[in-house]
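Novice: Sequential numbering of the sequence shown, starting at 8, is according to my numbering. By construction, the Cβ of each residue, glycine as well, lies at the ideal position given by its N, Cα and C atoms. Pasting a structure below so you can have a look.
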Amino acid sequence: MSMAGPGVFLEQRTVFTVLGIQFWDQTVDQPVTDGLSVTAQLQGADYPPVAALRTYSGFYAFQGLPCLSDVEYPATEGQSQSSPPNLLPFVIKVADSFNRFLPMLFSVDLPLPYPGLFLSNNTVSPPGSGARAYLFSAPTRATGQGIGVVRVDLWDHEEDKPAAFAALQVTIDGNVWTGIADEEGRAQVQFPSPLIQRLSLGSPPGIGQGPPSGMSWPIQVQVRYQPEKLAFPLRGSRDIAWPWSITPSLKSILDAQQPAAIWQQEAGPPVPVWTGDLFYGQELVLRTVPNAATTVFSTLSISQVTSP
């Protein structure tokens, strides 16, 4: 906007933000407003990545995206509108400098059919939460007060290697929480302790709950693992550094992989669901139980389930 003299407008220019994303922490169900580096890259082209700017409201907004100048600078009143732009595939990369969340990569076609705001699908968002772009805990993430933790090192039973990028679903106290393994098969799922929810019961709240020590809750864990179904949008792209060259798309991790069989006992047979108990104040580490009492495994073995 330009002015000549006090209060006299000469020109006004409208700039449309093609894409804005608000990221959420699945564990505490709160927006993530710091520590993130978010970029967009036109897939299959040599344009450099465009970094997002964080707004005061906590959204990461993009401007100056390649091949979208006609959308960012729409025609003004009295000028003819151009034809609807073609959809262009962009890859969004999200990295956390505080190592709380796994690097995340997903694709989105721009311009969006709604005004500039990215809304995630129901697979990424926990049921009942609405459409949000969630981030997933890294195995290096520190735990906080009142947070339950499930840890696991997943191992491909047949290939004898880490089960990289497997997806976990942890069911406890009627709620389902999602986790993703890193390239070494390490995964951590964090969630509010069921005790915190129980302490809100009673009149007044907390009456009749008893001491927390020794309290436990049944837990179920399912794993989705099918590495040949993973898609790598940036593999083979020029000047792509780690970890993006080995990071699959979030959609392929959560949608494309099929349920795996879990070796809860070394002697087998494998089961579709791991079952056990989570005790108050203790992290739950999932492992395959060995045959010999003197042996200790540090991994949970899983197997791909092939169609008959």
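Any idea if S308 is buried or exposed, counting beta-carbon neighbours within 10 angstroms, 16 or more meaning buried?
Specialist: With 16 or more Cβ atoms within 10 Å of its Cβ, S308 is classed as buried.
Novice: When the distance is taken between beta carbons, is D103 closer than 7 Å to G153?
Specialist: Not in contact: G153 and D103 (Cβ atoms no closer than 7 Å).
Novice: Going by beta carbon distance, what residues of the same chain come within less than 6 Å of V292, once the five residues before and after it are set aside?
Specialist: R158.
Novice: Using the Cβ count rule (16 or more neighbours within 10 Å means buried), how would you classify V303?
Specialist: Classification for V303: exposed.
Novice: May I ask which residues mark the beginning and end of the alpha helix (DSSP H) holding S76?
Specialist: First-last of the alpha helix (DSSP H) with S76: 76-79.
Novice: Would you mind stating whether I179 and W249 have Cβ atoms separated by less than 7 Å?
Specialist: It is not a contact, given that the beta carbons lie outside the stated cut-off.
Novice: One question on the structure: do V78 and F69 come within less than 7 Å of each other, judged by their Cβ atoms?
Specialist: No, the Cβ-Cβ distance between V78 and F69 is not below 7 Å.
Novice: Using the three-state DSSP reduction, which class does W251 fall into: helix, strand or coil?
Specialist: W251 falls in the helix class under three-state DSSP.
Novice: Give me whichever residues DSSP pairs with L26 in a beta bridge.
Specialist: In the DSSP output, where bridge partners are listed per residue, L26 has F69.
Novice: Which class does P262 belong to by DSSP, given the choice of helix, strand or coil?
Specialist: Before going on, a small fix: residue 262 reads as Asp here, not Pro. Three-state result, D262: helix.
Novice: Quick one, are the C-beta atoms of F30 and L175 less than 7 Å apart?
Specialist: Not a contact, by the Cβ cut-off of 7 Å.
Novice: Where Q311 and I269 are concerned, what is the direct C-alpha to C-alpha distance, given to the nearest angstrom?
Specialist: For Q311 and I269, the distance between alpha carbons rounds to 9 Å.
Novice: Kindly give me the distance between the Cβ atoms of G155 and S200, rounded to whole angstroms, as I take these residues to be in contact under 8 Å.
Specialist: Contact flag correct, Cβ pair sits at about 5 Å.
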